[in-house]
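To start, the structure itself, in structure tokens.
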Amino acid sequence: MTLAESSAARAAGTQDFDIDRVRADFPILQQEIHGRRLVYLDNAATTQKPVSVIEALERYYYLDNANVHRGVHELSERATRAFEAARANVRDFLNARNAAEIVFVRGTTEAINLVAQSYGRWRFKQGDEILITAMEHHSNIVPWQLLCEQTGAVLKVAPINEHGELIMDEFDRLLTERTQLVGIVHVSNALGTINPVKTLIRKAHAVGAVVLVDGAQAVAHIQVDVRDLNCDFYAFSGHKIYGPTGIGVLYAKQSILEAMPPYQGGGEMIEHVTFEKTTYNKLPYKFEAGTPNIAGAIGLGAAIDYVTSMGLGAVSAHERSVLQYASQRAQQIEGLRLVGTADLKCSILSFVVSGTHPADFGTILDQLGVAIRTGHHCAMPVMQYFDVPGTARASIGMYNTREEVDVFIDGVARARQMLV
Ligand code: PMP
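Position 10 of the sequence shown, counted from 1, bears residue number 1354 in the working numbering, the numbering being contiguous throughout.
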């Protein structure tokens, strides 16, 4: 097989996934926690970093550290080149048209706040509507609530069913000419549901609304093509795709970004400043006030290289098989109820066990070296809908194995015996 053929096969998910090689790339996984081999199943909260990302950060600080764009010296030029190469990497990864459409931010949360304040604040008025779904993360709820308070716009919420899927008829009913913006999560962090975003975007555009997709839980599992989706905004965080914390991306169509006022003022986002009038820098710098997270962007670029070299097709096929195995085994545990059983889902196994509190599972599993998350997962309305105080959630990344699932499930069964 040639190199090109093997990358194509990996992208299509038709080539064997070399899990041992992948695991060897993540040094943190090689340790013991409380005397047992770490089983890291909290990937929806944050993913671990491969050696190539850690080395990219190290190389930058060892050799190239300088501020970007303004310097005339060699280090500044190197830092600028690496920073802009990372932006080009993100552009290619998302299949955006232009690097001007890639704005570096702190993460998904900042990206959504940027859109709410810069796109919505001056445009929305009394009676305009923003439509979201009942499975959103707080990051895709609260910025819109703040915007509604500021503008008099109204927040509408499309409900979900008992599997954790969006009820399409209700979405259609709530989508009207009054809808100015639709905010949808691509993959729910609490349920794992994959939303049919392309269809939802087409429907929203038909009534003249723009669409923001919260891709925080999608980019590490699904190949995203913003041009194919035709979304207006797409947000994600570096740390959930094997990159550093403190760096994220807002993709937005260029024509929309051009029409938006700056989000924050300061250095870098200006073209010319006088006390009388300031003119703004070109895209994307108009939205990048202050010294950016240069190392973070470079690390994100390396993470994208890593994920691309593994092939998202192969990654998601592997993760799907691990998730299926985990779901089958989990359902054999007496009293266990899966929360989130959508036909189309990825990565997430959320559950409750009757007669127990989810938090107790987290504590007991930790003693067994297994890292999961318990609580409301920043999606309190989802917990309210399912009438649970929270869930225990295992979330699968590319390095997780069936053997790890066995350790996790045996741990849950043991915890249940202790708790019931
Ligand atoms: N949306 C979803 C679906 C998420 O899972 C998260 C992180 N848990 C966020 C938004 C917020 O991401 P960040 O904290 O990196 O800004």
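Ideal placement from N, C-alpha and C gives every residue a C-beta, glycine not left out.
For this session: Name, in chain order, the residues that DSSP records as bridge partners for Gly1719.
Result: The residue you call residue 1719 lines up with position 375 of the sequence shown. Note: Gly1719 sits in a beta bridge opposite Thr1735.
Exercise. When you compare only the Cα positions, how much space is there between Phe1752 and Arg1746?
Worked result: For the purposes of this step, residue 1752 is taken as the residue at position 408 of the sequence shown. For the purposes of this step, residue 1746 is taken as the residue at position 402 of the sequence shown. If you draw a straight line from the Cα of Phe1752 to the Cα of Arg1746, it is about 10 Å long.
Exercise. Which of helix, strand or coil does DSSP assign to Asp1687?
Worked result: Along the sequence shown, read from residue 1 onward, the residue named residue 1687 stands at position 343. Secondary structure at Asp1687: coil, using DSSP grouped into helix, strand and coil.
Exercise. Since Ser1660 is in the beta strand (DSSP E), which residue starts that stretch and which ends it?
Worked result: As a first step, residue 1660 must be located in the sequence shown, where it is residue number 316. Looking at the DSSP string, Ser1660 is not in any beta strand (DSSP E); the run it does join, the alpha helix (DSSP H), is 1656–1674.
For this session: Express the C-alpha separation of Asn1539 and Val1526 in angstroms, rounding to a whole number.
Result: In the sequence shown, the residue the question calls residue 1526 occupies position 182. In the sequence shown, the residue the question calls residue 1539 occupies position 195. Distance between the alpha carbons of Val1526 and Asn1539: 13 Å.
For this session: Decide yes or no for the touch test of the segment 1648–1656 against the segment 1572–1592: beta carbon pairs closer than 8 Å, at least 3 of them.
Result: Counting Cβ pairs under 8 Å, three or more are found: they touch.
Exercise. Considering Tyr1812, what are the terminal residues of the alpha helix (DSSP H) in which it resides?
Worked result: Only positions 1345 to 1764 of the chain appear in the structure, and residue 1812 is not among them; the question remains open.
Exercise. Considering only residues of the same chain and omitting the five flanking positions on each side of His1769, which have a CB-CB separation below 7 Å?
Worked result: Past the boundaries of the shown model lies residue 1769; the chain is included only from 1345 to 1764, so the question cannot be answered.
For this session: Given a cut-off of 7 Å, decide if Thr1452 and Ala1560 are closer than it, judged by their beta-carbon atoms.
Result: Taking the first residue of the sequence shown as position 1, residue 1560 is located at position 216. Taking the first residue of the sequence shown as position 1, residue 1452 is located at position 108. In contact: Ala1560 and Thr1452 (Cβ atoms closer than 7 Å).
For this session: Run the proximity test for His1481: is its beta-carbon closer than 6 Å to any non-hydrogen atom belonging to the ligand PMP?
Result: As a first step, residue 1481 is located in the sequence shown; it is residue number 137 there, counting from the start. Inclusion of His1481 in the 6 Å shell around the ligand PMP follows from its C-beta lying nearer than that to a non-hydrogen atom of the ligand.
Exercise. Going by the CB atoms, is the gap between His1417 and Ala1534 shorter than 7 Å?
Worked result: Here residue 1534 corresponds to residue number 190 of the sequence shown, with the count starting at 1. Here residue 1417 corresponds to residue number 73 of the sequence shown, with the count starting at 1. Not a contact, by the Cβ cut-off of 7 Å.
Exercise. Is Ile1372 buried or exposed, if buried means 16 or more other CB atoms sit within 10 Å of its CB?
Worked result: Along the sequence shown, read from residue 1 onward, the residue named residue 1372 stands at position 28. Under the 10 Å beta carbon count, Ile1372 is surrounded by fewer than 16 other beta carbons and is classified as exposed.
For this session: Leaving aside the five residues before and after Met1742 along the sequence, list all residues of the same chain whose C-beta is less than 7 Å from its C-beta, in chain order.
Result: For the purposes of this step, residue 1742 is taken as residue 398 along the sequence shown, with counting starting at 1. Val1366, Met1654, Val1659, His1662, Glu1663, listed in sequence order.
Exercise. Residues bridged to Asp1558 by DSSP?
Worked result: What you label residue 1558 is simply residue 214 of the sequence shown in a count that begins at 1. Looking at the DSSP assignment, Asp1558 forms a beta bridge with Val1529, Ala1579.
Problem set entry | Rounded separation between Ala1670 and Leu1682 - CA only | Here the question's residue 1670 lines up with position 326 in the sequence shown. Here the question's residue 1682 lines up with position 338 in the sequence shown. Their Cα atoms are separated by approximately 11 Å.
Exercise. So Gly1592 is in the alpha helix (DSSP H); what residue range does that whole segment cover?
Worked result: Here residue 1592 refers to the residue found at position 248 of the sequence shown. Annotation for Gly1592: no alpha helix (DSSP H) segment contains it, though the beta strand (DSSP E) segment containing it runs 1592–1596.
For this session: Please name the residue in Ala1429, Ile1504, Gly1471, Leu1594 whose C-alpha comes closest to that of Asn1457.
Result: As a first step, residue 1457 is located in the sequence shown; it is residue number 113 there, counting from the start. Nearest C-alpha to Asn1457: Leu1594.
Exercise. Can you name the start and end residues of the beta strand (DSSP E) that His1616 belongs to?
Worked result: Position 272 of the sequence shown, counted from the start, is the residue given in the question as residue 1616. Note, His1616: beta strand (DSSP E), 1614–1617.
For this session: Check whether the segment 1510–1529 touches the segment 1542–1551, taking contact to mean three or more Cβ pairs, one atom from each stretch, closer than 8 Å.
Result: Counting Cβ pairs under 8 Å, three or more are found: they touch.
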